[in-house]
Amino acid sequence: MDISHIELAKYIDHTNVKPNATIRDIQKLCREALRFKFHSVCVTSLRVELAKKELRGSGIKIVVVVGFPHGSCLSEIKATETREAIKRGADEIDMVINIGGLKDKNYKLVTQDIKAVVQAAGENPVKVIIEVGYLSKPEIIKACRLAKVAGAAFVKTSTGFGPRGVDIKDIKLMRFAVGSNMGIKASGGILDQKKASSMIRAGADRIGTSAGVEIILNKKTKKNPIRDSAKTILIKAY
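This note's numbering applies: residue 228 is where the sequence shown begins, and numbers increase by one.
What follows is the structure, given as structure tokens:
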């Protein structure tokens with residue numbers, strides 16, 4: 228299946244969730260989304276009002292990350308962040324799963340964590356980031372099925388801050404886990420048109436990437452969001 232650049236743009240959540248992103252960076256992100264007609268921009272809750280202002284009247288969605296990037300905060304905090312993000316203009320929520328709870332096999336905790344965000348989001352779709360780089364295959368399947376039971380609209384592969392990005396095998400495994408009636412968002416290290424297209428062919432319904440422009444223009448990029456994000460965190464820490 229060949230995917231035109233016009234069709235490919237409709238899959239892309241054009242993303243900047245870096246801790247050092249400035250107002251100008253988010254304005255640039257929004258201008259690019261307007262130019263290339265991406266499905267959405269994905270930002271932190273700090274930047275949702277700015278994105279709403281920049282995209283007003285365009286129909287481009289605003290996705291906000293919640294419990295990001297580790298997913299280890301309290302469910303009440305995630306729910307509050309969700310409500311506040313939607314109040315300020317978010318259309319979709321990308322929440323990070325309680326990874327430690329999943330590793331502990333505390334499935335009740337994980338399910339309740341997701342449900343808290345789904346309920347806080349109301350009619351707004353929730354994507355559950357399971358962070359595949361930390362999980363075994365059985366854990367990926369379990370995480371996906373818990374997200375489905377909890378009422379999420381999508382499962383998502385990665386934050387971009389984890390130990391690795393997404394692989395086609397992850398998408399196929401996730402599609403097996405959730406069936407045909409739940410969305411899958413592929414993210415983490417998707418930097419070119421070839422990889423983005425391969426994710427869609429494997430079963431992804433949405434692509435999360437900071438390289439949306441390069442993908443549409445079919446240009447190579449030297450960006451490595453996973454490595455660069457880790458580097459930023461280390462610089463900030465020291």
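Cβ atoms here follow ideal geometry from the backbone N, Cα and C, with glycine treated the same way. Note that the structure is predicted; figures quoted are calculated from it, not measured.
Annotated three-state conformation of R274 is helix, per DSSP. C-alpha of L400 to C-alpha of A431: approximately 11 Å in a straight line. In this structure, G389 lies away from S414, with their beta-carbon atoms at least 8 Å apart. E281 sits in a helix when the DSSP states are folded into three classes. DSSP places G435 within a strand segment (E or B) once states are collapsed to three.
For T307, the enclosing alpha helix (DSSP H) covers residues 302 to 314. With respect to V293, V359 sits apart: the two C-beta atoms are not nearer than 8 Å. Residue environment: R274 is assigned as buried (16 or more neighbouring CB atoms within 10 Å of its CB, all protein chains considered). If you draw a straight line from the Cα of I398 to the Cα of K314, it is about 32 Å long.
For the set S302, S285, N243, H266, the Cα lying nearest the Cα of I233 is the one of H266. Under the 10 Å beta carbon count, L301 is surrounded by fewer than 16 other beta carbons and is classified as exposed.
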